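*Asks:* Heads up, my numbering is the position in the sequence shown plus 499, with the first residue counted as 1.
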Amino acid sequence: MENSEITDLIRSHLLESGNPVILNDKIYLCWVGDHPPSIISDLNCWDVEHPIQFELLENDLWIYSFELPWGSYIEYAFLRNNRRIHDPHNPHRTPNGMGKFNHFFTFPSSEMENFLPEEPPPLKGSLTSLRLPTNQLLAGKKRKVHFYQPPTKEPVPLMVMWDGKEYLERAFLPHLIEELVELGKIQPVALALIENGRRYRTMEYFCSEATLGFMQMAVIPAALQHLNILSPYDEKGSLAIGGASLGGLMAFYAALRLPQWFGKVLSQSGAFAIGDQKLVVWSLIEHQKTLPLKIWLDCGMFESLLETNRQMAALLDQKGYEFQYRESPSGHNYPAWRRLLPEALINLFGQ
500 MENSEITDLI
510 RSHLLESGNP
520 VILNDKIYLC
530 WVGDHPPSII
540 SDLNCWDVEH
550 PIQFELLEND
560 LWIYSFELPW
570 GSYIEYAFLR
580 NNRRIHDPHN
590 PHRTPNGMGK
600 FNHFFTFPSS
610 EMENFLPEEP
620 PPLKGSLTSL
630 RLPTNQLLAG
640 KKRKVHFYQP
650 PTKEPVPLMV
660 MWDGKEYLER
670 AFLPHLIEEL
680 VELGKIQPVA
690 LALIENGRRY
700 RTMEYFCSEA
710 TLGFMQMAVI
720 PAALQHLNIL
730 SPYDEKGSLA
740 IGGASLGGLM
750 AFYAALRLPQ
760 WFGKVLSQSG
770 AFAIGDQKLV
780 VWSLIEHQKT
790 LPLKIWLDCG
800 MFESLLETNR
810 QMAALLDQKG
820 YEFQYRESPS
830 GHNYPAWRRL
840 LPEALINLFG
850 Q
């Protein structure tokens, strides 16, 4: 196909469907006009020092072309003078968790419905939000925790989640649980969704004994008071714990430090290392006896934490742990994690 034909096709598709243009297996991000912006995205791990540059195709049409695995979900942003600008050809945006928005797309485009945020239906169970005293174990005097009780009379397992607000509002975790229960895929599960400390999040989730203390002294007693759950004092290993990124690290740390309580771990894009420095969870796994944990690990193929998650999966295999590991063609974000949650929940709580 000659350049003029490709140009005409790209312009036509851009006007009809917007960014990106997908022609067969080739994907084109486009800009029309002078002075194109640069691009940061999952594809370059959001490296603002080395952004992706458009190439001039013809006249005022600039493109960045690439290929992706089937089922990919990609977020990106345009930069000009180190400031984000709107992509006029893509109306799909999602919060990036740091006060800004990213544009996003899927390959193929038919997958978009899996990622477009929808207003979830009303919960059949109950959701109670409490502000629990931190007793100087976390930043601030009180910390909000959301407790979800499924609509059942029988005691159920409790799953503790770090970054609770995000798992509630961006991952729709209680709604996913109710949908899977209704389909007969999993047993009912209660939730304790612990909000993070915002600017203190890294400190609190960095394998912190104080954070564990808050969970032990405040969250679990409140859960026993407000939810109909299996008691970790009576049912060894009845609790599950999960989180994403540093929350995934903290989920591992909690389960390794309190194996008498936790029997299941969900880690999404776990931040098990900072640069080349592996954190204490590696030593705990290597040097203590193999624990009776059931573990779910997932990570995006386009994120900087991929290699450390592959290494963690290899270590778990070497030590004889029961685990499942998944890689998805996506980056480090809640829409991608939300997409994997049904499979993770079925693996951990399947009937």
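Just so you know, even glycine gets a beta-carbon here, dropped at the ideal spot from N, CA and C.
Source: prediction; values computed, not measured.
1) Scan the region 719-783 and note each continuous alpha helix (DSSP H) run of 4 residues or more that stays entirely inside, going in chain order.
2) Would you kindly work out how many angstroms separate the C-alpha atoms of Leu-514 and Asn-601, rounded to a whole number?
3) Just checking my contact of Trp-781 with Leu-814 at CB under 8 Å: how many whole Å lie between their CB atoms?
4) Is it true that the CB of Arg-837 sits closer than 7 Å to the CB of Ala-689?
5) Pick out whichever of Leu-682, Tyr-563, Leu-637 and Ala-812 has its Cα sitting closest to the Cα of Leu-528.
6) With the cut-off set at 7 Å, would you say Thr-844 and Ile-685 are in Cβ contact?
7) Under the rule that 16 or more other beta-carbon atoms within 10 Å means buried, what is His-549, buried or exposed?
8) Identify, in the order they occur along the chain, each residue of the same chain with its Cβ nearer than 7 Å to the Cβ of Pro-535, setting aside the five sequence neighbours on each side.
9) Going by DSSP, name the residue or residues bridged to Arg-582.
10) If the criterion is Cβ atoms closer than 7 Å, does the pair Leu-636 and Phe-761 meet it?
11) One question on the structure: do Cys-544 and Ser-744 come within less than 7 Å of each other, judged by their Cβ atoms?
12) Taking the CB atoms as reference points, tell me whether Leu-692 and His-645 lie closer together than 7 Å.
13) Under 7 Å, do Gly-570 and Pro-828 count as touching if we go by C-beta distance?
14) Excluding five sequence neighbours on each side, which residues of the same chain lie with their C-beta closer than 8 Å to the C-beta of His-591?
15) Assign Arg-642 to buried or exposed, taking buried as 16 or more other Cβ atoms, counted over all protein chains shown, within 10 Å of its Cβ.
16) CB-CB under 7 Å to Cys-798, same chain, minus the five flanking residues each way: which ones, in chain order?
17) Thr-651: which of Tyr-666, Ile-509, Met-716 and Ser-625 sits nearest, CA to CA?
18) Where does Asn-558 land, buried or exposed, given buried means 16+ other C-beta within 10 angstroms?
19) If you reduce the DSSP assignment to three classes, tell me which class Tyr-820 lands in.
20) With distances taken from CA atoms, which of Ile-526, Gln-787 and Gly-736 is nearest Lys-763?
21) Alpha carbon to alpha carbon, how far is Asn-524 from Ile-728?
22) Report the start-end ranges of each alpha helix (DSSP H) in the region 643-699 that is 4 residues or longer and not cut off at the edges.
23) Tell me the DSSP secondary structure of Glu-842 in three-state form.
24) Spatial neighbours of Gln-759 within its chain, please: CB distance less than 8 Å, with the 5 preceding and 5 following residues excluded, ordered by chain position.
25) Please state if the CB of Gln-648 and the CB of Leu-555 are separated by a distance shorter than 7 Å.
26) Does DSSP put Leu-556 in a helix, a strand or coil?
27) If I'm right that Ser-540 touches Ile-573 with Cβ under 8 Å, what's the distance once you round it to whole angstroms?
28) Restricting to Cα atoms, I'd like to know which of Val-718, Gln-810, Leu-796 and Ala-739 is closest to Ala-772.
29) Here's a check: name, in chain order, each residue in its chain whose Cβ is nearer than 8 Å to the Cβ of Lys-818, leaving out the five neighbours to either side.
30) Taking DSSP's pairing of strands, which residues face Ile-539 in a bridge?
31) Figure out for me which residue from Met-702, Pro-607, Glu-708 and Leu-711 has the closest Cα to the Cα of Val-520.
32) Give every residue of the same chain whose Cβ lies closer than 7 Å to the Cβ of Trp-663, excluding the five residues on either side of it in the sequence, and list them in chain order.
*Replies:* Looking at the atomic coordinates:
1) List check, alpha helix (DSSP H) in window: 719-725 and 745-756.
2) Cα to Cα, Leu-514 sits roughly 21 Å from Asn-601.
3) About 7 Å separates the two Cβ atoms, so the contact holds.
4) In this structure, Arg-837 does not lie closer than 7 Å to Ala-689 by Cβ.
5) Among Leu-682, Tyr-563, Leu-637 and Ala-812, the Cα nearest to that of Leu-528 is on Tyr-563.
6) In the sequence as presented, Thr is not what sits at residue 844; that position holds Leu. Contact: yes.
7) It counts as exposed.
8) Cβ within range, chain order: Phe-553 and Trp-561.
9) Arg-582 is bridged to Arg-579.
10) Contact flag unset, no.
11) Judged by beta-carbon spacing, Ser-744 lies beyond the 7 Å limit of Cys-544, meaning their Cβ atoms are not closer than that value.
12) In contact: Leu-692 and His-645 (Cβ atoms closer than 7 Å).
13) In this structure, the beta-carbon distance from Gly-570 to Pro-828 falls below 7 Å.
14) Only His-602, Phe-603, Phe-604, Met-611 and Leu-615 meet the Cβ criterion.
15) Result: buried.
16) The answer, listed in chain order, is Ser-768, Leu-804, Leu-805, Asn-808 and Glu-826.
17) Closest option to Thr-651, Cα to Cα, is Ser-625.
18) By the neighbour-count rule (16 or more Cβ atoms within 10 Å), Asn-558 is not buried but exposed.
19) Looking at Tyr-820 - three-state DSSP - the assignment turns out to be coil, as it is neither helix nor strand.
20) The residue with the shortest Cα to Cα distance from Lys-763 is Gly-736.
21) Rather than Asn, the amino acid found at residue 524 in this sequence is Asp. Going by the C-alpha atoms only, they are around 49 Å apart.
22) Runs of alpha helix (DSSP H) with 4 or more residues, each lying fully within the region 643-699, are found at 663-668 and 672-681, listed in chain order.
23) Here DSSP, grouped into helix, strand and coil, assigns Glu-842 to helix.
24) Leaving aside the five residues that flank Gln-759 on each side, the residues in its chain whose CB is nearer than 8 Å to its CB run, in chain order, Pro-731, Lys-735 and Gly-736.
25) No.
26) Leu-556 sits in a strand when the DSSP states are folded into three classes.
27) In this structure Ser-540 touches Ile-573 by the C-beta definition: roughly 6 Å separates them, less than 8 Å.
28) When Val-718, Gln-810, Leu-796 and Ala-739 are compared, the shortest CA-CA separation from Ala-772 is found for Gln-810.
29) Excluding sequence neighbours, Lys-818 sits near Ile-784, Glu-785 and Thr-789.
30) Looking at the DSSP assignment, Ile-539 forms a beta bridge with Ala-576.
31) With distances taken between CA atoms, Val-520 lies nearest to Pro-607 out of Met-702, Pro-607, Glu-708 and Leu-711.
32) In the sequence on display, residue 663 carries Gly and not Trp. The residues Val-644, His-645, Leu-692, Ile-693 and Glu-694, in chain order, have a CB closer than 7 Å to that of Gly-663 in the same chain once the five nearest residues on each side in sequence are set aside.
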